[in-house]
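See structure below.
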Amino acid sequence: MENLKIAATERSPEVDFDFEHGALSLRGESYPEDASTVFGPIFSALESFLATVGDREIRIDFDLTYFNSSSAKALMNMFQRLDHAAAAGARIKITWFFAPDDDTMKEFGEDFSEDLEHVAFNLIAIETAA
Amino acid sequence: MADFNLFDAEEKTLEQAEELRHGMADAPAAIRDGLATLIDSYGRSVREQRRLVRVSDRLQAQLATVNHELGKRKAEAEQALDDLKSAQESLVQAEKLASLGALVGGVAHEINTPVGIALSCASHLADATQDIKKLFEADDIGVDDFKRYMATAMDTTSLILSNCERAAQLIRSFKQVAVDRTSSERRDFDLCAYIRETLASLGPHLRQAGHTVSIDCPGGITMTSYPGALSQVLSNFVMNSLVHGFEPGQIGEIRIEVDQVEPDQVRLTYADTGRGIPDQNRGRIFDPFFTTRRGIGGSGLGLHIVYNLVTGPLGGNVSVESPAKGGTAFVVTVPQVTASPTV
Ligand SMILES: Nc1ncnc2c1ncn2[C@@H]1O[C@H](COP(=O)(O)OP(=O)(O)OP(=O)(O)O)[C@@H](O)[C@H]1O
Ligand SMILES: [Mg+2]
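Protein chains in written order, with my numbering: chain B, 11 to 140; chain A, 797 to 1139.
Rendered as structure tokens:
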């Protein structure tokens, strides 16, 4: 299926879903006026992709520096969906990146991972090239 | 895309619960009531979540706008500060040029006097020589003529000499005023030892009149600075005490005290027990050409040189004080390690 690539804007993250290689990533900030314009395309693409994965290996990177509440809710939904897919056999590995001095993003990562049972969840501190 | 719904899962759950309720129409009233209450409060909770997400989205958007604005203002303020700094730099530059102009004008004026005197003496001597030559060639020269010529020659040559010397000395001082940072050597030295050496080299001037010098300097202060500049500053202070401070016949005292008010700063206080500087002159003594001995050896450059050396290469500041007990005191504060020359 076709890859999904959306450039970042001031209020929305860069989306790079390389379905062919099973490498997905979201990077940047997310506080859109309307969550559905940003997460609508992401979810429909992810939905169709997950329907085809079987027991493939999939890597998803989250490298976010700031997001609002509806984005947080959308992320939780996404994690739920991924956890379901993992329960059904897909080998899913989520990596949550945060800047070493950003405790907030680190805690968000920890919170989000609490309800996940089937995906592998990694928290990694990285210096961003600011 | 239009059917994207953040609370999709919750709504599905609600629908399923609703179906469950229908399917349990035959259950005991207590169970049906309980289930209805549960569904109701879950629905309310989901609505509340939606509301909360909306409210906090709005707040976060505001926050982002404010942050953005803040960043813009900060950049603007930084830009303004940069502009201000460069404006200040060009002002300082302009100021330097203006003071250099004033200095050059002053020097020209100062040098004009001795050079003018030397010139008129020289032409007077030339005229007298011409006259005596004529008499000599006419073989008409008398002893009186020769005596008069000799007297003129003695007077004019000594005036020419002293005035040329004066002009040369002025030029030397002027060269010192234009202190060149790179030409003087910056190195490590022991402050107290260096002060003692400098004072010792001035000893002959001091001892003649019997003045006493005391130096109170805590040992072990190593400077990385311009020793030459420092000794020039001290020499100017000492010469001024001798020339302006002490009354003829007075046995004066000079005290030099060094202390460290801050870790990397050195404060040197120079004080004499001379007649002091009158209030109305205190604001002008660092100006070029301010002197109370014009015409009798003062050019008024000494303290100006001091000021330039202290604020320039030595990177500090200098001020004058009038101690209550009389005399004059200069306070020089300089960093222990000066900035390395920026060229
Ligand atoms: N220790 C002192 N006691 C009293 N007056 C002083 C003392 N030091 C400086 N002054 C006053 O400050 C004036 C300026 O001093 P400065 O050294 O600049 O010039 P100067 O000594 O007159 O001339 P120059 O140093 O160029 O030969 C002096 O003419 C004198 O009036
Ligand atoms: Mg002087």
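Even glycine gets a Cβ: it sits at the ideal position worked out from N, Cα and C. Predicted model only: the values in this text are computed from it and were never measured.
The beta-carbon distance between B:S40 and B:S54, rounded to whole angstroms, is 17 Å. This is too long to meet the 8 Å contact definition. For A:L848, at least one C-beta of chain B is nearer than 9 Å to its own C-beta. Contact check for A:S1010 against A:E1049 passes: the beta carbons are separated by less than 9 Å. Rounded to the nearest angstrom, the gap between the Cα atoms of A:N1113 and A:R962 is 30 Å. Within chain A, the C-beta atoms nearer than 7 Å to that of B:S80 come from L802, V849 and D853, in chain order.
Below the 7 Å Cβ cutoff, chain A contributes F800 as neighbours of B:F53, in chain order. Ordered along the chain, residues surrounding ligand 2 are A:N1036 and A:G1098 [Cβ under 5 Å from any heavy atom]. Looking at the backbone, the Cα of A:Q926 and that of A:E933 are separated by about 11 Å.
Judged by DSSP secondary structure, A:Y990 falls within the alpha helix (DSSP H) whose first and last residues are L987 to S997. With a cutoff of 9 Å on beta-carbon distance, A:V1034 and A:L1002 are scored as near each other. Within the same chain, Cβ atoms closer than 8 Å to the Cβ of A:N801 are found at E807, the five residues on either side in sequence being excluded.
In the structure shown, A:T948 falls within a helical segment according to DSSP collapsed to helix, strand and coil. Distance between B:K103 and B:R91, taken at the CA atoms: about 13 Å. DSSP places B:K103 within a strand segment (E or B) once states are collapsed to three.
Among the CB atoms of chain B, one or more fall inside 9 Å of the CB of A:Q845. DSSP, read as helix, strand or coil, puts B:R66 in coil.
In chain order, Y41, E43 and N78 make up the part of chain B whose C-beta sits under 8 Å from the C-beta of A:A857. In this structure A:I913 touches A:L955 by the C-beta definition: roughly 6 Å separates them, less than 8 Å. Under the DSSP definition of a beta bridge, B:M86 lacks any partner. A:R982 is classed as buried because its beta carbon has at least 16 other beta carbons within 10 Å across all chains shown.
Interface with chain A (9 Å Cβ-Cβ cutoff): B:A95 is excluded. Around the beta carbon of A:G1079, fewer than 16 other beta carbons sit within 10 angstroms, so the residue counts as exposed. Sequence-distant Cβ neighbours of A:S1027 in its own chain, meaning closer than 6 Å and more than five residues away, are T994.
Between the segment 816-825 of chain A and the segment 99-119 of chain B there are fewer than three C-beta pairs closer than 8 Å, too few to call the two in contact. B:G32 does not reach chain A, its nearest Cβ partner there being about 24 Å away, counting only Cβ pairs nearer than 9 Å. Under the DSSP assignment, A:F803 falls outside any alpha helix (DSSP H); it carries neither an H nor an E label. Our two residues, A:G938 and A:A949, have alpha carbons roughly 17 Å apart in a direct line. Annotation: Cβ neighbours of A:A860 in chain B (cutoff 7 Å, chain order): Y41. No Cβ-Cβ contact shorter than 9 Å links A:S1115 with A:G1072. Taking non-hydrogen atoms of ligand 1 into account, the C-beta of A:S1115 is found less than 8 Å away from none of them. A distance of 9 Å or more separates the beta carbons of B:D111 and B:F89.
The beta-carbon of B:A130 is placed no less than 9 Å from the nearest beta-carbon of chain A. Within the same chain, Cβ atoms closer than 6 Å to the Cβ of B:F49 are found at A84, the five residues on either side in sequence being excluded. With a contact defined as Cβ atoms closer than 8 Å, A:C988 and A:G1015 qualify at about 6 Å.
Within chain B, the residues whose beta carbon sits less than 8 Å from that of A:A805 are N87 and Q90, listed in sequence order. For A:T1065, the shortest C-beta to heavy atom distance toward ligand 1 is 8 Å or greater.
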